[in-house]
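> Here's a structure for you.
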Amino acid sequence: MQSYTGSVTISSPVLFDDQPIGNLEVRPILASEQKQWDKLVQNHHYLGLRAIVGEAMRYVAILDGAWVALVGFGAAALKSRHRDGFIGWKPAIQWQRLKLLTNNVRFLILPEVRIKNLASKVLSLTTKRLSADWQAVYGHPILLVETFVDDSRFLGTCYKAAGWLPLGKTRGFNRNGKKYYQHGNLKTIFVRPLSLNALHLLADPMPHPELLSSEDAMNLDVVAIETTGGLIEHLRAISDPRMKRGIRHRMLSVLTVAVCAVLSGAKSYTAIGEW
């Protein structure tokens with residue numbers, strides 16, 4: 078992660094509406110700043126803070142050397158009917174690509190900071206760099222961000238101003254372990270795709286090359302076919318997960334035909350079958 082230097086005031090001063098925010102900076106926190114970040118969120122956010130679940134990123138917004146806002150991201154919700162309908166992915170794909178989503182689990186404007194448009198500006202600057210930061214730390218991008226806004230406390234105005242889309246309301250349930258309990262507090266789910274083709278990349282049955290790691294990918298433009306170390310040898314090494322009963326074709330034959338179909342332009346399992 079990129080290192081940062083310079084003097085930063087942790088406890089924010091009183092800042093008023095006419096404070097210019099053109100020089101606002103948003104960056105990931107340093108490892109040495111996490112304790113202070115967690116303490117501020119625990120003390121001043123209405124939900125407090127025990128931990129951020131899953132892969133996580135913590136950001137700080139700095140204005141004129143002072144911390145003015147804190148933003149935290151963690152694991153996306155396992156299920157969300159509005160979000161999943163918006164993406165249009167099937168369950169099997171959802172479980173594979175859920176890591177490409179993140180949840181804005183905490184957003185805090187620090188006490189005594191009162192600056193017009195600050196909240197939406199912080200959200201905008203954060204989402205612009207979020208995917209690249211995630212790639213640098215965890216080795217994969219983020220394609221879509223979500224958050225849940227408590228209707229009894231907030232209107233979600235800053236999210237709307239920053240380009241987030243309201244999709245609908247939750248049913249008022251909370252998960253504790255493997256059980257769900259009704260608490261009655263409805264929340265509005267907001268999402269923001271981080272690229273123009275984010276929904277396509279998330280829902281497409283065939284994984285896009287930019288989402289594959291180097292271990293999963295092979296350059297078929299240069300690989301040999303039947304020689305030592307060639308494509309056929311790689312395909313032959315793949316174990317067959319099928320039960321023996323009912324098998325009509327060798328695994329190697331099935332995979333070879335599938336590869337030929339993809340090279341011919343097939344982009345789905347249906348297209349491979351038709352080819």
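Numbering of the sequence shown is given in the numbering used here, commencing with residue 78 and proceeding in unit increments.
Backbone N, C-alpha and C define an ideal beta-carbon position, used for all residues, glycine too.
Should T234 go down as buried or exposed, given a rule of 16 or more other Cβ atoms within 10 Å for buried?
Counted from its first residue, the sequence shown places residue 234 at position 157. Around the CB of T234, fewer than 16 other CB atoms lie within 10 Å, so the residue is classed as exposed.
> Straight-line CA distance for W352 to S330?
Indexing the sequence shown from 1 puts residue 352 at position 275. Indexing the sequence shown from 1 puts residue 330 at position 253. If I take the Cα positions, the gap works out to 14 Å.
> Report the three-state DSSP secondary structure of Q79 (helix, strand or coil).
On the sequence shown, position 2 is the one that residue 79 refers to. Note that Q79 scores 40 on pLDDT, short of 50, meaning its location in the model is unreliable; the coordinates nonetheless yield the value given after this. DSSP places Q79 in coil when its eight states are reduced to three.
> What does the Cβ neighbour count give for K167, buried or exposed, with the cut at 16 atoms within 10 Å?
As a working mapping, residue 167 is identified with position 90 in the sequence shown. Answer is exposed; the Cβ neighbour count stays below 16.
> Following the continuous beta strand (DSSP E) through G151, name the residue where it begins and the one where it ends.
Locating residue 151 in the sequence shown gives position 74, counting from the first residue. G151 -> beta strand (DSSP E) spans A143 to A152.
> Would you kindly report the start and end of the unbroken alpha helix (DSSP H) that includes M328?
Walking along the sequence shown from the start, residue 328 turns up at place 251. Taken as a continuous stretch (DSSP letters only), the alpha helix (DSSP H) holding M328 covers M328 to L340.
> Report yes if the C-beta distance between I349 and V334 is below 9 Å; otherwise report no.
Start at 1 with the first residue of the sequence shown, and residue 349 comes out as number 272. Start at 1 with the first residue of the sequence shown, and residue 334 comes out as number 257. Contact: yes.
> Determine whether the Cβ of I186 lies closer than 9 Å to any Cβ atom of chain D.
Although the question refers to chain D, the structure presented lacks it and comprises just one protein chain.
> Under three-state DSSP, which class holds I244?
Sequence index remark: in the sequence shown, residue 244 carries index 167 (1-based). Contrary to the premise, residue 244 reads as Leu rather than Ile in this sequence. In this structure, L244 counts as strand in the three-state DSSP scheme.
> What whole-angstrom Cβ distance do R160 and V336 have, given they're in contact under 8 Å?
Within the sequence shown, numbered from 1, the residue matching residue 160 stands at position 83. Within the sequence shown, numbered from 1, the residue matching residue 336 stands at position 259. Contact doesn't hold; Cβ gap of about 34 Å is too wide.
> Which same chain residues, not among the five before or five after A301, have their C-beta less than 6 Å away from its C-beta?
Position 224 of the sequence shown, counted from the first residue, corresponds to residue 301. Apart from sequence neighbours up to five positions away, the residues of its chain that approach A301 with a beta-carbon distance below 6 Å are G307, ordered along the chain.
> How should E303 be labelled, buried or exposed, when 16 other C-beta atoms within 10 angstroms of its C-beta is the threshold for buried?
The residue labelled residue 303 in the question sits at position 226 within the sequence shown. Exposed is the call here.
> Within this structure, are the beta carbons of L140 and L101 separated by less than 9 Å?
Numbered from its first residue, the sequence shown carries residue 140 at position 63. Numbered from its first residue, the sequence shown carries residue 101 at position 24. For L140 and L101, yes; Cβs fall inside 9 Å.
> With H, G and I counted as helix, E and B as strand and the rest as coil, what does DSSP make of V214?
In the sequence shown, counting from the first residue as 1, residue 214 sits at position 137. It is helical.
> Just how far apart, CA to CA, sit T203 and Y136?
The residue given as residue 203 occupies position 126 in the sequence shown. The residue given as residue 136 occupies position 59 in the sequence shown. Approximately 8 Å between the Cα atoms of the pair.
> Work out the CA separation of K246 and I354 for me, nearest whole Å.
As shown, the chain starts at 78 and ends at 352. That puts residue 354 outside it, with no answer to give.
> Excluding sequence positions up to five away, which residues of its chain have a Cβ less than 7 Å from the Cβ of R248?
Counted from its first residue, the sequence shown places residue 248 at position 171. Cβ within range, chain order: n/a, list empty.
> How many angstroms separate the CA atom of A213 from the CA atom of L244?
Counting from one through the sequence shown, the residue named residue 213 turns up at place 136. Counting from one through the sequence shown, the residue named residue 244 turns up at place 167. If you take the alpha carbons of A213 and L244, they lie about 30 Å apart.
> Taking the alpha carbon of T347 as the reference point, which residue from M328, L288, M283 and M320 has its own alpha carbon closest?
Along the sequence shown, read from residue 1 onward, the residue named residue 347 stands at position 270. Selected option, being the one with the closest Cα: M283.
> Measure the C-alpha to C-alpha separation of R206 and K264 and round it to an integer number of angstroms.
The residue labelled residue 206 in the question sits at position 129 within the sequence shown. The residue labelled residue 264 in the question sits at position 187 within the sequence shown. Rounded to whole angstroms, R206 to K264 spans 26 Å at the Cα level.
> Leaving out five residues before and five after D227 in sequence, what residues of the same chain have Cβ atoms less than 7 Å from its Cβ?
Translated into the one-based positions of the sequence shown, residue 227 becomes position 150. Once the five neighbours on either side are set aside, the close Cβ partners of D227 are N262 and K264.
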